[in-house]
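Asks: Sequential numbering from 548 applies to the sequence shown in the working numbering. Glycine is no exception: its CB is placed at the ideal position from the N, C-alpha and C atoms.
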Amino acid sequence: MNILVLNCGSSSVKYKLINTSDEKTLAEGGVEKIGLPDGFLKYKKPNGEKAIIDLGLVNHKGAIKAIMDLLTDPVDGVIKSYDEIDAVGHRVVHGAEKFSKSVLITPEVIDQVKECYDLAPLHNPANITGIEAIEALMPNVPQVGVFDTAFHQTMPPKAFMYPLPYKYYAEDGVRRYGFHGTSHRYVSQRAAEILGVNIAEKKMITCHVGNGGSITAVMYGKSVDTSMGLTPTEGLMMGTRVGDVDPGALVYLMMKHNLTPQDLQKIINKESGVLGVSEVSSDMRELEAAIKAGNTNAQLALDMYELRIIKYIGAYAAEMNGVDIIVFTGGVGENQAGTRLNVCKSLEFMGVKIDEALNAVTRGTETIISTPDSKVTVMVVPTDEELMIARDTEAIVKNK
Numbered sequence: 548m549n550i551l552v553l554n555c556g557s558s559s560v561k562y563k564l565i566n567t568s569d570e571k572t573l574a575e576g577g578v579e580k581i582g583l584p585d586g587f588l589k590y591k592k593p594n595g596e597k598a599i600i601d602l603g604l605v606n607h608k609g610a611i612k613a614i615m616d617l618l619t620d621p622v623d624g625v626i627k628s629y630d631e632i633d634a635v636g637h638r639v640v641h642g643a644e645k646f647s648k649s650v651l652i653t654p655e656v657i658d659q660v661k662e663c664y665d666l667a668p669l670h671n672p673a674n675i676t677g678i679e680a681i682e683a684l685m686p687n688v689p690q691v692g693v694f695d696t697a698f699h700q701t702m703p704p705k706a707f708m709y710p711l712p713y714k715y716y717a718e719d720g721v722r723r724y725g726f727h728g729t730s731h732r733y734v735s736q737r738a739a740e741i742l743g744v745n746i747a748e749k750k751m752i753t754c755h756v757g758n759g760g761s762i763t764a765v766m767y768g769k770s771v772d773t774s775m776g777l778t779p780t781e782g783l784m785m786g787t788r789v790g791d792v793d794p795g796a797l798v799y800l801m802m803k804h805n806l807t808p809q810d811l812q813k814i815i816n817k818e819s820g821v822l823g824v825s826e827v828s829s830d831m832r833e834l835e836a837a838i839k840a841g842n843t844n845a846q847l848a849l850d851m852y853e854l855r856i857i858k859y860i861g862a863y864a865a866e867m868n869g870v871d872i873i874v875f876t877g878g879v880g881e882n883q884a885g886t887r888l889n890v891c892k893s894l895e896f897m898g899v900k901i902d903e904a905l906n907a908v909t910r911g912t913e914t915i916i917s918t919p920d921s922k923v924t925v926m927v928v929p930t931d932e933e934l935m936i937a938r939d940t941e942a943i944v945k946n947k
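1. Here's the rule: buried if 16 or more other CB atoms are within 10 angstroms of the residue's CB, otherwise exposed. What is Ser906?
2. CA-CA distance, Arg722 and Glu644?
3. Ignoring anything shorter than 4 residues or poking outside the stretch 635-674, list the alpha helix (DSSP H) runs there in chain order.
4. DSSP three-state label for Asp601, please.
5. Could you round the C-beta distance between Gly822 and Gly869 to whole angstroms and report it? I think they count as a contact, below 8 Å.
6. With H, G and I counted as helix, E and B as strand and the rest as coil, what does DSSP make of Gly576?
7. What are the partner residues of Tyr715, as DSSP defines its beta bridges?
8. Roughly how many angstroms separate the alpha carbons of Arg855 and Ile626, rounded to a whole number?
9. Please name the residue in Asn805, Asp585 and Phe694 whose C-alpha comes closest to that of Val639.
10. Using DSSP with H/G/I as helix, E/B as strand and the rest coil, what is Met802?
11. Give me the Cβ distance between Ile632 and Leu711, rounded to the nearest whole Å; I'm assuming they're in contact under 8 Å.
12. Between Ile611 and Val656, how many whole angstroms is the CB-CB distance? I'm expecting something under 8 Å.
13. As a quick exercise: from Thr619, Ala634 and Val635, pick the residue whose alpha carbon is nearest that of Cys628.
14. Among residues of its own chain, excluding the 5 on either side of Glu570, which ones have a beta-carbon nearer than 7 Å to its beta-carbon?
15. Tell me the start and end of each unbroken alpha helix (DSSP H) in the stretch 881-905 that is at least 4 residues and wholly inside, in chain order.
16. Tell me whether the beta-carbon of Ile752 lies closer than 7 Å to the beta-carbon of Ile675.
17. At which residues does the alpha helix (DSSP H) containing Lys591 begin and terminate?
18. Quick check on Ala764: does DSSP put it in helix, strand or coil?
19. Find out if the Cβ-Cβ distance for the pair Val925, Ile916 is shorter than 7 Å.
20. Are Leu604 and Leu588 closer than 7 Å when you measure CB to CB?
21. Could you check where the alpha helix (DSSP H) with Tyr733 kicks off and where it finishes?
22. Less than 7 Å between C-beta atoms, sequence neighbours within five positions excluded: which residues of the same chain meet that for Asn882?
23. With a threshold of 8 Å, are at least 3 pairs of Cβ atoms found where one atom belongs to the stretch 688-707 and the other to the stretch 760-778?
24. Residues bridged to Tyr562 by DSSP?
25. Closest Cβ-Cβ distance between Asn745 and chain D: below 7 Å?
26. If we ignore side chains and look at the alpha-carbon of each, how far apart do Met784 and Met708 end up?
27. In the DSSP assignment, the beta strand (DSSP E) including Phe707 goes from what residue to what residue?
28. Nearest to Lys817 by CA position, among Gly725, Ser829 and Thr886, is which residue?
29. Let me know the secondary structure DSSP gives Asp633 once reduced to three states.
30. Determine the direct distance from the alpha carbon of Ile815 to that of Pro808, and round the result to whole angstroms.
31. Span of the beta strand (DSSP E) holding Ser770?
32. Where do the N-terminal and C-terminal ends of the beta strand (DSSP E) with Gln690 fall, by residue?
33. Verify whether the separation of the beta carbon atoms of Gly885 and Val756 is less than 7 Å.
34. From Thr763, Glu895 and Pro672, pick the residue whose C-alpha is nearest to that of His982; which is it?
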């Protein structure tokens, strides 16, 4: 089957066209700066060259129409008509407690996703816009929703509840939901495949670390705890997101500086994290360059970033009473050898031993970076959320 995978953000649409018979990517790219005059579509040509098409001012529907036109373009396209697309899989950010697995999109499902708008005001409306755009362009093509939060619906109440008055959970749904679920599900399953072990018998900690980041305790194939919460701002220190912080500190700042809720949202989502501490950048490459130039704030930001990862791995190892496998993925997890080494050095008390030479040259490839005598297997597994979405979409469409 040819599955079109769409990831609609607030100002962007990423896409991949995947043939599930051999799981090969036929085309990929994305539209950026939706709603702005300088919007553009970047993509890979069939020969592998990168190209850009200026789109100007487009909305999400216009962006998806541009993607479909490119896919069927006589020169740079890979299919002759829309009819060659068998189904469309959508990344949907928030499913709250309504969805514990991927589902076929129906009018009822759309209504339920809309009920989650308050929990993901930037993402869920864009996800629905993408679904509606496909419905308008290809009304007979089945669509599937794959939820970031679904994998974490196996967490027990003691892990997902907040110690707030219970009424805020019962009435408002305030609890830990977790995100990056499709990534954590993919890399945990893929790690087990690579090692030739039964995931139902292993305790794993999957570290999706990058500009956004989360860590998940995967016990016998199921998520039992994860670092992101009601929103993606909790947990690890991220590129621009604050992560864990004393809520009293936020109240203090609001009162002292007369901040509005909108002001605070901007600070904790866009101005904090690595960018906020370093005052340099949220990009790890620029941070490392600043560190080499002697910037002490940049060094502090990196130290804090790595410490948060160490703390969560240690906490989840204790929570599961041990860990068999640690997996690194995401932009930093796959490419930053220094961060992987620094994190693992602090885990030597657990029997973690890293092959430093192998770790130093591993970038974006499936690799076991621990030594043969390490008590915990440490791996790098590049994530592939789009492939997981395509697999779910094919399975659901075939069984509908």
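Replies: This is what the structure holds:
1. The question names Ser, but residue 906 in the sequence shown is Asn. By the neighbour-count rule (16 or more Cβ atoms within 10 Å), Asn906 is buried.
2. 10 Å
3. 654-661
4. strand
5. The sequence given here has Leu at residue 822, not Gly. Not really, about 36 Å apart at Cβ, beyond 8 Å.
6. strand
7. BP columns for Tyr715 are empty, so no partner.
8. 46 Å
9. Phe694
10. helix
11. Ile632 to Leu711, Cβ: 45 Å. No contact.
12. Actually they do not touch by this definition, with Cβ atoms about 19 Å apart.
13. The residue you asked about is not Cys; residue 628 is Ser in the sequence shown. The candidate whose alpha carbon is nearest that of Ser628 is Thr619.
14. Leu934
15. 884-892
16. no
17. Counting along the chain, Lys591 falls outside any alpha helix (DSSP H), though it belongs to the beta strand (DSSP E) covering Phe587 to Lys591.
18. strand
19. yes
20. no
21. Gly728 to Leu742
22. Arg910 and Gly911
23. yes
24. Leu553 and Gly576
25. Looking at the structure shown, chain D is missing, and only one protein chain is on hand.
26. 21 Å
27. Note, Phe707: premise wrong, no beta strand (DSSP E); alpha helix (DSSP H) at Pro704 to Phe707.
28. Ser829
29. coil
30. 11 Å
31. Lys769 to Thr773
32. Gln690 to Phe694
33. no
34. The first residue shown for the chain is 548 and the last is 947, placing residue 982 beyond what the model contains.
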